[in-house]
Amino acid sequence: MDGFIREFLRELNFGQGVALSFSSINDQYLALARTVRHYLMARWLGTLRRQFETQAKGVAYLSAEYLLGRQLGNALLATGLTDIVEEGLAKCGIDLATLRAQEVEPGLGNGGLGRLAACFIDSLATMSVPCVGYGIRYEYGIFRQTFEDGRQVEQPDNWLALGSPWEFPHPEAAQIVNFAGHTETYEEDGTVRSRWIPGWSVQAIPYNYMVPGYQNGRVNTLRLWSAVATNAFDLRIFNSGDYAEAVRAQTFAENISKVLYPEDSTPQGKELRLQQQYFFVSASIHDFIDNVLPADFDLTHLPDRVIFQLNDTHPVIGVPELMRVLVDEKDFDWDDAWEITKKCFAYTCHTLLPEALEVWSVDLLGRLLPRHLEIIYRINDEFLDEVRERFGDDELRIRRMSIIAEHPERSVRMAYLATVAGSKVNGVAELHSQLLRDKVLPDFDEFYPGKFINVTNGVTPRRFIRLANPALSELITDALGVGWLTDLERLRELEPYAEDEEFKERFRAVKAHNKRRLSRVLVDRDGTSVDDDHLLDVMVKRLHEYKRQTLKLLHIVTLYDRITSGEVKPADIVPRTFIFGAKAAPGYRMAKEIIHLINAVGSVVNADPAVEGRLKVLFPPNYNVTLAEKVIPAADLSEQISLAGKEASGTGNMKFALNGALTIGTDDGANIEIRELVGDDNFFLFGLLEPEVEALYAKGYVPSSFYESDEGLHRAIDMIARGTFSGGDRGVFDGLVSNLLYDDRFMALADYRAYIDAQDEVDKAYLDEDRWTRSAILNVARTGFFSSDRSMRNYIDRIWHTPPSF
Ligand code: GL2
Numbered sequence: 001m002d003g004f005i006r007e008f009l010r011e012l013n014f015g016q017g018v019a020l021s022f023s024s025i026n027d028q029y030l031a032l033a034r035t036v037r038h039y040l041m042a043r044w045l046g047t048l049r050r051q052f053e054t055q056a057k058g059v060a061y062l063s064a065e066y067l068l069g070r071q072l073g074n075a076l077l078a079t080g081l082t083d084i085v086e087e088g089l090a091k092c093g094i095d096l097a098t099l100r101a102q103e104v105e106p107g108l109g110n111g112g113l114g115r116l117a118a119c120f121i122d123s124l125a126t127m128s129v130p131c132v133g134y135g136i137r138y139e140y141g142i143f144r145q146t147f148e149d150g151r152q153v154e155q156p157d158n159w160l161a162l163g164s165p166w167e168f169p170h171p172e173a174a175q176i177v178n179f180a181g182h183t184e185t186y187e188e189d190g191t192v193r194s195r196w197i198p199g200w201s202v203q204a205i206p207y208n209y210m211v212p213g214y215q216n217g218r219v220n221t222l223r224l225w226s227a228v229a230t231n232a233f234d235l236r237i238f239n240s241g242d243y244a245e246a247v248r249a250q251t252f253a254e255n256i257s258k259v260l261y262p263e264d265s266t267p268q269g270k271e272l273r274l275q276q277q278y279f280f281v282s283a284s285i286h287d288f289i290d291n292v293l294p295a296d297f298d299l300t301h302l303p304d305r306v307i308f309q310l311n312d313t314h315p316v317i318g319v320p321e322l323m324r325v326l327v328d329e330k331d332f333d334w335d336d337a338w339e340i341t342k343k344c345f346a347y348t349c350h351t352l353l354p355e356a357l358e359v360w361s362v363d364l365l366g367r368l369l370p371r372h373l374e375i376i377y378r379i380n381d382e383f384l385d386e387v388r389e390r391f392g393d394d395e396l397r398i399r400r401m402s403i404i405a406e407h408p409e410r411s412v413r414m415a416y417l418a419t420v421a422g423s424k425v426n427g428v429a430e431l432h433s434q435l436l437r438d439k440v441l442p443d444f445d446e447f448y449p450g451k452f453i454n455v456t457n458g459v460t461p462r463r464f465i466r467l468a469n470p471a472l473s474e475l476i477t478d479a480l481g482v483g484w485l486t487d488l489e490r491l492r493e494l495e496p497y498a499e500d501e502e503f504k505e506r507f508r509a510v511k512a513h514n515k516r517r518l519s520r521v522l523v524d525r526d527g528t529s530v531d532d533d534h535l536l537d538v539m540v541k542r543l544h545e546y547k548r549q550t551l552k553l554l555h556i557v558t559l560y561d562r563i564t565s566g567e568v569k570p571a572d573i574v575p576r577t578f579i580f581g582a583k584a585a586p587g588y589r590m591a592k593e594i595i596h597l598i599n600a601v602g603s604v605v606n607a608d609p610a611v612e613g614r615l616k617v618l619f620p621p622n623y624n625v626t627l628a629e630k631v632i633p634a635a636d637l638s639e640q641i642s643l644a645g646k647e648a649s650g651t652g653n654m655k656f657a658l659n660g661a662l663t664i665g666t667d668d669g670a671n672i673e674i675r676e677l678v679g680d681d682n683f684f685l686f687g688l689l690e691p692e693v694e695a696l697y698a699k700g701y702v703p704s705s706f707y708e709s710d711e712g713l714h715r716a717i718d719m720i721a722r723g724t725f726s727g728g729d730r731g732v733f734d735g736l737v738s739n740l741l742y743d744d745r746f747m748a749l750a751d752y753r754a755y756i757d758a759q760d761e762v763d764k765a766y767l768d769e770d771r772w773t774r775s776a777i778l779n780v781a782r783t784g785f786f787s788s789d790r791s792m793r794n795y796i797d798r799i800w801h802t803p804p805s806f
């Protein structure tokens, strides 16, 4: 410990340039972060050296998003230093928790997809599998959400402002990334070849981040790219006095990595977004070839050294990029290059929503990346020739399968390109993978037998159990001993404890402790609190109509109505605190109206003495990984209520179950697998099944008929429409109400009654404390399957073939 104190004080004095007695909390946090990273350094350098020596095959995970969460706690956990550091700091009069709270989390992702990438790289490091994560170092991550009069207001997320002790910039390893211009043909040795004459270029500067394995001596690398201009400014223009014009190019270039696009699952086809995608993918592929492979490496063997995993369609432009590198830059024959390329990519699809499947207009792609468009055309021509060979001149099929869509405008379907190029295509939960094959890409499934597989998502137990829930972790370790954190199926051994009175008592104490901890956090950040004796009912996830926060609201309004109308006595209702956490994409109108309504309902309910002590609605702003780590361990009930067939997987659902919350959920995404594992008795299932949803759409869905025929629903909607939550103003939620009554694309009204009935069952179950605790323990014991270590094992065995390398 003395060694640690010496190092820490040294960092404070020599790194921050302050004495302990004059240091700010931020100084102390930065000094601590640098001290801790020193402890990881030998492992990191060792990993890099061994990687170079063994030349083992590794994963290059290409992802536009990494929602990392705070780094300090994880680094301490990985090194096993937490206790020493806590004691050492205490000797200096410093509280470790205060320093941990000082860290601004890097929010370089929108939601589940970005968080999944962070879990995956954690697991690979812990499993000693070589991996480089590649992505973008956004200067501004996901916006900071505040509320004004209940409406969402977005603030820039200036996460780098107070210093960024976890990153290592390497300007000397910059890559040049080109854009625009034109292509030309030329002849060489009797063959006609194509080349790209770019119009402009930017530099990509890599920033390295440590990805420590859990107490295993390994540290992998996350490499995020930042854009800067190739020339800082034009000296000639500068000298002439037009300063703004002189730095225009610089501003333009730096815009590329300036800000994360805040659309989750519904991307907009903006030019800057395509620039971002090509920027990081091109830099990453070149980086791998130039810096990870030895100088004399024969690229024919590239598939023996790397698999580029495409995290959704965002990095798919990497496919024509690798072809261009091989054919144009490395002089490979087209067919040989295509054989290599096909083996080097695999594609994960994360959605079923048609609007989320990216397409780029040929016009835009041709302007920004003219050579890539040519390459895509040729890939498509050859692919369609193969289709013709198999199926004859089936023009409808050809049109359906073409990578190039003709309507509504000529465009490139990136998911098709990824499917044609990828050695494997995977969905992220059983149902999702099945629907992907049956509904989204059926022609491709027929054409490529065996290419489509499922790998159900997972979450890292290091962050989402050990760090987020120390009390539960201790209880588990007391029962099972050590080792479960890297072998999560061992949680099964907890099953007998579901009948053990003492264990049950301790388990309840853990929940109560976590509720009090959450309450303190909420008091501090928002001045709100959670009541100890309330059922804590939580819905945290992005705001999207398909996830149906509105259905949750209808439940709350119904309970409120039951009490205020006198239908039930307040004392007869199970007291509940509802917590929402959700950001809406800034341009998504309906999502923002729903946020407004949640806050409006909360204001009225929380202020009404008639329901005091019985119902409470909390909506802490700016839900992020840091808050998730406090909310999830405290929850009793996990809301996973998307319309069946719309949520590809969900990963929050897994985190809640692993922390001992019971799920109320539809037959959707990974909910299905959770229910199969925990058993019907320990899960509240409700709602239409996916085929029933399809049948209802086909027959013609009339939401108002549900409103007409269900009194509870009628009353709940009327309360909103009448202005109960908007000071009597009927206009405020007009759009939202009409949308529900006359469109309701995600069938909240059709599932309302089943949902309310299931919630009434929840109340009954909760009143039986013993039964509830038993179910909660069984949820923990039976969901070890959802460790991201297991997901990674699946990818490794079935897609990547990258064994651990020590
Ligand atoms: C998502 C899915 O919506 C979500 O169900 C899934 O769990 C994650 C990770 O696979 O991917 N797809 C997507 O575009 N976003 C997701 O969170 N943003």
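Residue numbering for the sequence shown follows this note's numbering, starting at 1 and increasing by one per position. Every residue gets a Cβ at the ideal spot worked out from N, C-alpha and C, and that includes glycine. Note that the coordinates shown come from a computational prediction; the quantities given were computed from them, not determined experimentally.
*Closer than 6 Å: is that where the CB of L113 sits relative to any heavy atom of the ligand GL2?*
The answer is yes for L113.
*Measure the alpha-carbon distance for T577 versus R463 and round it to whole angstroms.*
Answer to the nearest angstrom: the Cα atoms are 25 Å apart.
*asked:* Taking DSSP's pairing of strands, which residues face L9 in a bridge?
replied: Checking the DSSP bridge columns, you'll see L9 has no partner listed.
*Would you mind stating whether T773 and R508 have Cβ atoms separated by less than 7 Å?*
Their beta carbons are under 7 Å apart, which means T773 touches R508 by this criterion.
*For P633, does the count of other Cβ atoms within 10 angstroms reach 16, so buried, or fall short, so exposed?*
By the Cβ-count criterion, P633 is buried, with 16 or more other Cβ atoms from all chains shown falling within 10 Å of its own Cβ.
*Can you have a look at G427 and say buried or exposed, based on whether 16 or more other CB atoms are within 10 angstroms of its CB?*
Around the beta-carbon of G427, 16 or more other beta-carbon atoms lie within 10 Å, marking it buried.
*Can you have a look at E495 and say buried or exposed, based on whether 16 or more other CB atoms are within 10 angstroms of its CB?*
Burial call: exposed.
*Could you please give the first and the last residue of the uninterrupted beta strand (DSSP E) stretch that includes E690?*
In the DSSP annotation of this structure, E690 is not part of any beta strand (DSSP E); the continuous alpha helix (DSSP H) holding it starts and ends at 690-699.
*N-terminal and C-terminal residue of the beta strand (DSSP E) that R462 is part of*: Per DSSP, R462 belongs to no beta strand (DSSP E) and is neither H nor E.
*List the residues that DSSP assigns as beta-bridge partners of R816.*
Residue 816 is absent from the model: the chain starts at 1 and stops at 806.
*Grouping DSSP H, G and I as helix and E and B as strand, with all else coil, what is S123?*
DSSP places S123 within a helical segment (H, G or I) once states are collapsed to three.
*Have a look at G458, A405, F686, V153 and flag the residue whose alpha-carbon is nearest the alpha-carbon of L113.*
Of G458, A405, F686, V153, the residue nearest in Cα terms is G458.
*Bridge partner(s) assigned by DSSP for Y140*: Answer by DSSP bridge pairing, in chain order: V259.
*Terminal residues of the continuous beta strand (DSSP E) containing F238?*
It is not in any beta strand (DSSP E) - F238 instead sits in the alpha helix (DSSP H) that spans 235-239.
*With respect to 6 Å, is the separation between the Cβ of A418 and the closest non-hydrogen atom of the ligand GL2 below this value?*
Because no heavy atom of the ligand GL2 lies under 6 Å away, the Cβ of A418 does not count as near it: no.
_Classification of T47 by the beta-carbon crowding that lies within 10 angstroms, buried from 16 upward_ = When all chains shown are included, T47 counts as buried.
*D743 to I595, Cα distance in whole Å?*
So the alpha carbons of these two residues sit roughly 19 Å apart.
*Could you pull out every residue in the same chain whose Cβ sits closer than 8 Å to the Cβ of Y377, ignoring the five residues on either side in sequence?*
Cβ contact annotation for Y377 (same chain, cutoff 8 Å, sequence separation greater than five): I404, in chain order.
*Could you say which of S123, A283, A33 lies nearest to D487 if we only look at CA atoms?*
Among S123, A283, A33, the Cα nearest to that of D487 belongs to S123.
*F503 lies in the alpha helix (DSSP H); which residues open and close that run?*
For F503, the enclosing alpha helix (DSSP H) stretches over residues 501-526.
*Does DSSP put H182 in a helix, a strand or coil?*
Strand.
*Report yes or no: do three or more beta-carbon pairs, one from the segment 159-177 and one from the segment 275-285, lie closer than 8 Å?*
Because the criterion of three Cβ pairs below 8 Å is met, the segment 159-177 and the segment 275-285 touch.
_Counting beta carbon pairs with one atom in the segment 118-138 and one in the segment 781-795, are three or more of them shorter than 8 Å?_
With a cut-off of 8 Å, the segment 118-138 and the segment 781-795 count as touching, because enough Cβ pairs lie within range.
*Check R223 in the structure and name its three-state DSSP category.*
Strand, per DSSP.
*Under 6 Å Cβ to Cβ from S704, same chain only, skipping five residues before and after it: list those, please.*
The answer, listed in chain order, is L741.
_Nonlocal neighbours in the same chain, by C-beta distance under 8 Å from V780, ignoring five residues either side_ = Only L472, I476, L491, L494, A657, L658, N659, G660 meet the Cβ criterion.
*When DSSP labels each residue in this structure, what does Q175 get in the three-state scheme?*
In the three-state reduction of the DSSP assignment, Q175 falls in the strand class.
_Cβ pair count under 8 Å reaching 3, the segment 325-333 against the segment 224-235_ = Flag = no, the segment 325-333 and the segment 224-235 do not touch.
*How long is the line joining the alpha carbons of K547 and A584, rounded to whole angstroms?*
Using only the alpha carbons, I get a separation of about 12 Å.
*With 16 other CB atoms within 10 Å as the buried threshold, where does M719 fall?*
Buried is the label assigned to M719, since at least 16 other Cβ atoms lie within 10 Å of its Cβ.
_I need the straight-line Cα distance from V762 to D710, nearest angstrom please._
Between the alpha carbons of V762 and D710 lies a distance of about 21 Å.
*Assuming Y138 contacts T79 under a Cβ cut-off of 8 Å, what Cβ separation, rounded to an integer in Å, is found between them?*
Rounded to whole angstroms, the Cβ separation of Y138 and T79 is 27 Å, and the two are not in contact under 8 Å.
*Which one of D681, A670, A750 has the shortest CA to CA distance from G700?*
Checking every option, the nearest Cα to that of G700 belongs to A750.
*Are the beta-carbon atoms belonging to G602 and F619 less than 7 Å from one another?*
Inclusion of G602 and F619 in the CB contact set at 7 Å is warranted, their separation being smaller than that value.
_Please tell me whether, using a cut-off of 6 Å, the distance from the CB of G650 to the nearest non-hydrogen atom of the ligand GL2 is below it._
Shortest gap from the CB of G650 to any heavy atom of the ligand GL2: under 6 Å.
*Could you check which residue in V574, L662, L435, V259 has the C-alpha nearest to that of N158?*
For N158, the nearest C-alpha among the options comes from V259.
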